[in-house]
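In my numbering, the protein residues as written are 28 to 275.
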């Protein structure tokens, strides 16, 4: 029963991760309910999310290949930012700033709701200019810092920012987000497991579920229009920010 719960939770977490960037809304409370400490639940969830990202990348390979140049740039910038965020976390404990997280998530929701109108400004651009490319890399670096320092709602934030800066469909942007968060989660997990003893059986079993969910998520998205996807993710973001305000 223990492993069945992990697989089912992993599938739903993978779907939420690949579509809305909010896997922890499922995986974290389930792991806590199964008896893991908050720190270990976070480590196990992060490790399992790498497999969710692998499933999403496998499912969205053609979309990532189509935008490979900008994707690689975003990933490198986010990894650099994530490393910087991790060092900031060591020198500036996030307890002093964690109350800001709900506001960041709320901002992501607002950006998602308005991204359609704002992105119309750049929707006719067929090629991204060097100036805009640098802005995208800079924004990805900042989001990477947020990922390394806070983590909560990072996928939402990355999607909302990229939707404003890149003239592409929600599905394409989401594919870039999934690849980027897979790499940042991998980096975080490498750092985590070097400092704590992890339960590999839990990661593998939940990771199998997450791989399945991560693979299914992008496929499911193809059946819905961009506007509906943005609305769904935006509502989820509002719900997450409300929850974070409540528990904070």
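Backbone N, C-alpha and C fix where the C-beta goes; we use that ideal spot for every residue, glycine too.
The structure displayed is predicted, hence computed values, not measured ones.
**Report entry** Length of the line joining the Cα atoms of residue 151 and residue 204
**Finding:** By one-based count along the chain shown, residue 151 stands at place 124. By one-based count along the chain shown, residue 204 stands at place 177. Bear in mind that a pLDDT of 44 at residue 151, under 50, signals an unreliable position, so the number given afterwards is only what the model happens to contain. Distance between the alpha carbons of residue 151 and residue 204 is about 22 Å.
Query raised in the report: For residue 119, does the count of other Cβ atoms within 10 angstroms reach 16, so buried, or fall short, so exposed?
Result: Position 92 of the chain shown, counting from 1, holds the residue named residue 119. Classification for residue 119: exposed.
**Report entry** Close-in-space but distant-in-sequence residues of the same chain around residue 36 (CB under 7 Å, 5 per side omitted)
**Finding:** Position 9 of the chain shown, counted from the start, is the residue given in the question as residue 36. Non-local beta-carbon contacts of residue 36 in its own chain, meaning distances under 7 Å to residues more than five positions away in sequence, involve 53, 54, 57, 233 and 236 in chain order.
Report task. Consult DSSP for residue 62 and reduce its assignment to one of helix, strand or coil. Result -> Residue 62 sits at position 35 when you count from the first residue of the chain shown. Residue 62: coil per DSSP, three-state reduction.
**Report entry** Beta-carbon gap between residue 171 and residue 104 smaller than 9 Å
**Finding:** In the chain shown, residue 171 corresponds to position 144, counting from 1. In the chain shown, residue 104 corresponds to position 77, counting from 1. Yes, the pair counts as a contact, with Cβ atoms nearer than the cut-off.
Requested in this report: Measure the alpha-carbon distance for residue 70 versus residue 220 and round it to whole angstroms.
Outcome: Here residue 70 refers to the residue found at position 43 of the chain shown. Here residue 220 refers to the residue found at position 193 of the chain shown. Approximately 8 Å, taken between the alpha carbons.
Query - For residue 267, the first and last residue of its enclosing alpha helix (DSSP H) - result: Translated into positions along the chain shown, residue 267 becomes position 240. Counting along the chain, the alpha helix (DSSP H) containing residue 267 begins and ends at 253-274.
Query raised in the report: Can you round the beta-carbon distance between residue 139 and residue 260 to whole angstroms, since I take them to be within the 8 Å contact cut?
Result: As a working mapping, residue 139 is identified with position 112 in the chain shown. As a working mapping, residue 260 is identified with position 233 in the chain shown. Correct: roughly 6 Å between the Cβ atoms.
Report task. Would you identify the three-state DSSP class for residue 135, choosing helix, strand or coil? Result -> For the purposes of this step, residue 135 is taken as residue 108 along the chain shown, with counting starting at 1. Of the three classes helix, strand and coil, the one that applies to residue 135 here is helix, per DSSP.
Query raised in the report: Is residue 119 helix, strand or coil by DSSP?
Result: Position 92 of the chain shown, counting from 1, holds the residue named residue 119. The answer is coil: DSSP assigns residue 119 none of H, G, I, E or B.
Query raised in the report: Going by other Cβ atoms of all chains shown within 10 Å of its Cβ, with 16 needed for buried, is residue 214 buried or exposed?
Result: Reading the chain shown from its first residue, position 187 is the one you call residue 214. With 16 or more other Cβ atoms within 10 Å, it is buried.
**Report entry** Any non-hydrogen atom of the ligand ADP closer than 8 Å to residue 75 Cβ
**Finding:** This structure lacks the ligand ADP; in fact it carries no ligand of any kind.
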